[in-house]
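Reading through the structure tokens given below for one structure.
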Amino acid sequence: MSDSTNEKQTPAHLFKPGQSGNPKGRPKGSRNKLSEDFVAALQADFEEGGIEAIQSMRGTDPGGYVRVIASLLPKEFKIETTSDLTDEQLDARIRTLANLVEIGIGQPAGRAEAPEGSATAH
0 MSDSTNEKQT PAHLFKPGQS GNPKGRPKGS RNKLSEDFVA ALQADFEEGG
50 IEAIQSMRGT DPGGYVRVIA SLLPKEFKIE TTSDLTDEQL DARIRTLANL
100 VEIGIGQPAG RAEAPEGSAT AH
């Protein structure tokens with residue numbers, strides 16, 4: 000190798016151990032502060048119109064609605080079987096599901112069924 004080649008090459012370590020190339024760097028906690036501010040703003044916006052936005056999305060973009068739900072679910076979760084539940088626990092779950100169906104959870108937007116015995120115009 001020639002002397003000019005050695006001068007052009009940079010050393011493997013520009014800084015000594017413990018020495019930073021940006022001594023002032025990013026202030027401690029600034030990334031956390033940004034995240035906290037963003038989440039607080041998102042929460043405030045959701046409180047203002049989040050439920051209506053979710054309901055609207057369910058009606059206008061059901062595929063996007065399902066994608067949002069799927070993105071919030073954990074990648075893996077424990078599936079509990081009913082074989083180890085007591086009769087009382089099973090009854091409680093059945094009542095919960097019946098209540099959800101009764102209030103229209105799980106029905107497509109605009110297609111909630113009328114309660115039995117009520118008249119509906121077609």
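Counting from 0, one number per residue, gives the positions in the sequence shown under numbering that gives the first Met the number 0. Glycine is no exception: its CB is placed at the ideal position from the N, C-alpha and C atoms.
Judged by DSSP in its simplified three-state form, L72 adopts coil rather than helix or strand. Distance from the CA atom of K74 to the CA atom of K15, rounded to whole angstroms, is 42 Å.
Rounded to the nearest whole angstrom, the C-alpha separation of Q88 and R94 is 10 Å.
Between the C-alpha atoms of D60 and E51 there is a straight-line separation of about 14 Å.
For the 8 Å CB-CB criterion, G49 and M56 do not form a contact.
Residue state for K15 is assigned as coil, using DSSP reduced to three classes. Shown here, I102 sits in coil according to DSSP, grouped into three states, outside any helix or strand.
Rounded to whole angstroms, A40 and G58 show a C-alpha spacing of 25 Å.
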